[in-house]
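Below is one structure, written out as structure tokens; comments come after it.
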Amino acid sequence: MSNIEPKRKLMNYFKLTPPSEISVNKEDIFYREKYQEIINYLKLLLTDSKDLEIYNYVNPKGLLLVNVQPGTDLLNYLKLIAANYYIPFIQLNKSFIYESPQEFLNSFPEVLQSASLIGAQEEQKFDEEDKKGAKNNEREQKKRILVINEDNRVDGLLESGSLLQKFLEYYQGFNKTSNFLDNNIILIWVNHDYSAVEENTDLVFKIFDLLIKIPRINKNNREQILRAFSEKNPTVVFDIEQIIDHTDSWEVEDIKQLMKISVLKQYLRSELNAQSNEITDIIIDLIETGEMLPSSLFKTIKRRKSKEKIEGINQKLKFDEFKISDQSSISNISKKTDSIINQIKREEYSEFMLNQLYEDAASHNYNELVIILDKLKNNEPIEQNDRNLLAKYPFILNDPPSRAQITMEKAKKRIDLMKKAFKKEI
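Once you know that position 290 of the sequence shown is 310 in the numbering used here, the rest is easy, because the numbers rise by one and skip nothing.
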């Protein structure tokens, strides 16, 4: 009993929705080809038949990884499956997690272990009904779907890595990957940052049965979504082609929300059904002013992770050896500079991460760094303050000073464009 009670407290991190309480309209789902792979996988596990030929080759563990952009209707699709197959649906209780996110992260492995207790009372009741002669098809499935939908607010608190990496390392180390299906739980992990998958490929494909990568909607998909909205709301008029061009990085739920807000804004102007029901200008204005933003912009830039890598480099670099006196010769300066640069060049960054690092540097110390790079380019001595600043941004020394200056200027331009587009300070 003493072992069960702490686990029951951890169950507060989950929210269980019985299938009878799930309310999702299938007409609101934008079906994609990859969605079929998800339901086929779930059907295999729900049949619970070891006689199928596939079990001669693989033994599914009940662990599915789905990579998808933020702003999709994937969660609603999974809920619809749960309702149709009468499966209890479990997801993280975000409101409870937000009360103490660090405590959640610290106890995350234990939280996952406690998932086996979710719905245990209902399962015990079903077993009692079975003993009394109740038919299996008259009650809920014993299996439950547990969805871990990654959250940037929680992920950003990690000092390094990601929640996905934390999960992979724990279950690899303790060999507990089979526990979920053994406890009638099918885990679906929804990942929004593919770089976290790339960084852990050795574990991803050992632990998960499948990785299903759902591509972002394209121009034709956006047209289908907008035309469907237009057909459902014939009194609302807008230029579909213009809106398609303005929503290149937008997802299904983003576009639907954009249209709802546009209609509301038109109504508040007392123009809808009174003077004009043309809302094209309002939609474009919402996008250009940043009053409505796509979910993709909310993805974590991983600044914390980048900073930790920088700190790791700083520990490796011995800047005490880089103390250059005013009397040092140009040749000595060049040798020590080359030594530091070669040491830093052994650290590798992805193109995406490097762009984010440069943008971070440009947004805080653009002018100072340009001056330092100019000194390095001309083999001029750099002062202690310059070296201290370089210690914060050592990745800059990966490239020749002239190229680093160009990259810094491009990063500054991107920041200025974002400020102009969204009228926000970055």
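Yeah, the Cβ is synthetic: ideal placement off N, Cα and C, and Gly gets one too.
Exercise for review: Assuming I232 contacts V86 (C-beta within less than 8 Å), just tell me the rounded distance between them.
Suggested key: Yes, they are in contact, since the Cβ atoms of I232 and V86 sit about 5 Å apart, within 8 Å.
Practice item. Can you give me the Cβ contacts of V44 inside the same chain, cut-off strictly under 7 Å, excluding the 5 residues immediately before and after it? Key: Counting only Cβ-Cβ distances below 7 Å, and skipping sequence neighbours, we find N96, K99, L100 and A103.
Exercise for review: Can you grab the Cα-Cα spacing for the pair M438 / A382, in whole Å?
Suggested key: If I take the Cα positions, the gap works out to 13 Å.
Check your understanding: According to the Cβ coordinates, are K186 and F128 closer than 8 Å?
Key -> Contact annotation: K186 and F128 have beta-carbon atoms nearer than 8 Å.
**Study point:** N- and C-terminal bounds of the beta strand (DSSP E) containing N169
**Key:** Taken as a continuous stretch (DSSP letters only), the beta strand (DSSP E) holding N169 covers R164 to N169.
Review point. Over what stretch of residues does the alpha helix (DSSP H) that includes V447 continue unbroken?
Key: The question about residue 447 has no answer here: the residues shown for the chain are numbered 21 through 446.
Check your understanding: Any heavy atom of the ligand SAM closer than 7 Å to the CB of Y55?
Key -> For the structure depicted, the ligand SAM is absent and the ligand set is empty, with no information on it obtainable.
Exercise for review: Consult DSSP for V210 and reduce its assignment to one of helix, strand or coil.
Suggested key: Here V210 sits in strand by DSSP.
Check your understanding: In whole angstroms, what is the alpha-carbon distance linking H266 and I74?
Key -> Distance between the alpha carbons of H266 and I74: 46 Å.
Practice item. Tell whether a beta-carbon distance below 8 Å holds between D213 and S250. Key: No, these two residues do not count as a Cβ contact at 8 Å.
**Study point:** Beta-ladder partner(s) of T221, from DSSP
**Key:** T221 is not bridged to any residue.
Exercise for review: Sort E379, L230, V167 and D202 by Cα distance to I110 and report the nearest one.
Suggested key: The alpha carbon of I110 has as its nearest neighbour, out of E379, L230, V167 and D202, the alpha carbon of V167.
Check your understanding: Taking C-beta to C-beta, are I392 and L417 nearer than 8 Å?
Key -> Going by C-beta atoms, I392 is not nearer than 8 Å to L417.
**Study point:** Inter-residue spacing [alpha-carbon to alpha-carbon] between L132 and S215
**Key:** Distance between the alpha carbons of L132 and S215: 23 Å.
**Study point:** Exposed unless 16 or more other CB atoms sit within 10 angstroms - verdict on F452
**Key:** Within the shown structure, residues of the chain are numbered from 21 to 446, placing residue 452 beyond reach of any answer.
Review point. Excluding five sequence neighbours on each side, which residues of the same chain lie with their C-beta closer than 7 Å to the C-beta of R52?
Key: Cβ neighbours of R52 beyond the five flanking positions: I234.
Exercise for review: Evaluate the contact criterion for the stretch 252-267 versus the stretch 296-310: three or more CB pairs, one atom per stretch, below 8 Å.
Suggested key: The stretch 252-267 makes contact with the stretch 296-310: 3 or more CB pairs, one atom from each, lie closer than 8 Å.
Practice item. Report, in whole angstroms, the separation of the C-beta atoms of N113 and N32, which I expect to be a contact under 8 Å. Key: Taking a contact as a CB-CB distance under 8 Å, the pair N113 and N32 counts as one, their CB atoms being some 7 Å apart.
Review point. Taking C-alpha atoms, which residue in D419, Q425 and E388 lies nearest to R407?
Key: Ranking D419, Q425 and E388 by Cα distance to R407 puts E388 first.
Check your understanding: Is DSSP giving E400 helix, strand or coil here?
Key -> Here E400 sits in coil by DSSP.
Point to revise | G153 versus Y106: straight-line alpha-carbon distance, rounded | key: At G153, the pLDDT of 49 sits below 50, so the modelled position is not reliable; the number obtained from the coordinates is stated separately. Answer to the nearest angstrom: the Cα atoms are 20 Å apart.
Practice item. Would you give the residue range spanned by the beta strand (DSSP E) that L36 belongs to? Key: Note, L36: beta strand (DSSP E), F34 to T37.
Point to revise | Beta carbon of I227 nearer than 8 Å to that of L188 | key: Yes, they are a contact pair.
Point to revise | Selected residue, minimal CA-CA separation from E57, among K46, D71 and L84 | key: The shortest Cα separation from E57 among K46, D71 and L84 belongs to L84.
Review point. Got a sec, what are the start and stop residues for the alpha helix (DSSP H) I302 sits in?
Key: Per DSSP, the unbroken alpha helix (DSSP H) holding I302 starts and ends at T300 to T309.
Review point. Buried or exposed: which applies to E403, given that a residue is buried once 16 or more other Cβ atoms fall within 10 Å of its Cβ?
Key: Looking at its Cβ environment, which holds fewer than 16 other Cβ atoms inside 10 Å, E403 is exposed.
Review point. Assuming E243 and I264 make a contact with CB atoms under 8 Å, what is their CB distance in whole Å?
Key: Yes, E243 and I264 are in contact; Cβ-Cβ is about 6 Å, under 8 Å.
Review point. Got a sec? Which residues, its chain only, sit under 8 Å from L230 by beta carbon, not counting five neighbours each side?
Key: Within the same chain, Cβ atoms closer than 8 Å to the Cβ of L230 are found at E57, Y61, L84 and L85, the five residues on either side in sequence being excluded.
**Study point:** Endpoints, the beta strand (DSSP E) within which S233 is located
**Key:** Position check: residue 233 holds Lys in this sequence, whereas Ser was assumed. K233: member of the beta strand (DSSP E) spanning L230 to K233, first to last residue.
Check your understanding: Quick one: what's got a C-beta closer than 7 Å to E379's C-beta in the same chain, skipping five residues either side?
Key -> A distance below 7 Å between beta-carbons, with the five flanking residues on each side excluded, links E379 to the following residues of its chain, in chain order: A431, R434 and I435.
**Study point:** Ordered list of beta strand (DSSP E) runs contained in the stretch 259-289, each at least 3 residues
**Key:** Within the stretch 259-289, no complete beta strand (DSSP E) run reaches 3 residues.
Exercise for review: Can you grab the Cα-Cα spacing for the pair N126 / L374, in whole Å?
Suggested key: Roughly 30 Å separates the two Cα atoms.
Review point. With burial defined as no fewer than 16 other Cβ atoms inside 10 Å of the residue's Cβ, what is the status of I29: buried or exposed?
Key: One point to set straight first is that residue 29 is Lys, not Ile, in the sequence displayed. So K29 counts as exposed.
Exercise for review: Find out if the Cβ-Cβ distance for the pair V272, D419 is shorter than 8 Å.
Suggested key: No; because the gap between Cβ atoms is not below 8 Å, this pair is not in contact.
Check your understanding: Using the C-alpha atoms, what's the distance from Q376 back to I321?
Key -> Since pLDDT at I321 reaches only 44, below the 50 mark, its modelled position is unreliable, and no value is offered.
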